[in-house]
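K.L.:
Just dropping this structure here.
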Amino acid sequence: MKSNIGFIISMVVLAVIALNPEAKSLLLKGLIKSGLYEPDFVPAKAEGERAVPSALFRSVNGELIDVANSKGKVIFINFWAEWCPPCIAEMPSISNLAKHFKDEKDLLFLMANVDGELKASQDYFEKNNYPLPAFIPAGTIPKSIFQGTLPTTVIINKNGDIVYQHDGIADYNTQETKDFIKRLLED
C-alpha cells in the first residue's frame, strides 16, 4: 500500500508540473540554479562568424531597430513568449546580466516577444522588476537568426556578426557569459 501511495503522489506532482506553466517554470528555475543549463561559449572563429541579416524589431515607444544596421553595438537578442515556461525560467538570469552591464552604452538587450504582445511584455518586465526593454518582431525574422525554438538567444558583435546562438533554456548570469560579453565590448 505504501508503494502505491508514493506512486500516486509522484504522478500527481508530475501532472501538476506538466499541466501548470508556473510550476514548470519554477522547476526550471531550480535546475538553472543547479548549473545544469550553463551556456557554452565556443570561440566565434571555431563556430564560424556570419553576418547578421536584416531583421526589424519595434520597441514600446515605436522605435524600429534593424540589427543589420546596428554596427558598433553588441546586441543580446532573446526570443521568448510569456506562455513559455523555459523562457520565464531564464528571464531572471538575463535580468541580472542586464543589471551587471547597466552602464554599458555599447550593449543592447533586445527581448523579442514572438507573440507580438508589446504592452504585455513591458507590463511583465515592470511587474517582475526586470530592467529589460520589450520588443516585437516588425516583420519576418530570418531563419538564420530564429527557427522557432523558444527561448532562442543570439549575440551579435560590434561588426554585425552572429557570434553566439543557442536554442533552449540557459543561465546567462554566469562569469563565463559576462567575460564573453566583456571581450566583445572591448573589440
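Following UniProt numbering, the numbering of the sequence shown begins with 1 at its first residue and continues without gaps. Each residue gets a CB set at the ideal place from its N, CA and C atoms; glycine is no exception.
1) Could you work out which residue in F57, A89, F125 is closest to N75 when comparing CA atoms only?
2) Under the DSSP definition of a beta bridge, which residues are partnered with P137?
3) Going by Cα to Cα distance, which pick from I169, Q122, I162, T140 is closest to N61?
4) Starting from the Cα of T149, find the closest Cα among I181, A112, F180, I156 and give me that residue.
5) Could you say if the stretch 125–134 and the stretch 152–164 meet the contact criterion of at least three C-beta pairs nearer than 8 Å?
6) Expressed to the nearest angstrom, what Euclidean distance is found between the alpha-carbon atoms of D167 and E90?
7) Among I181, K99, S70, T174, whose alpha-carbon lies nearest the alpha-carbon of Y164?
P.N.:
Result, derived from the coordinates:
1) This sequence places Ile at residue 75; Asn is not what is there. Checking every option, the nearest Cα to that of I75 belongs to F57.
2) F57
3) Closest option to N61, Cα to Cα, is Q122.
4) A112
5) no
6) 12 Å
7) Selected option, being the one with the closest Cα: I181.
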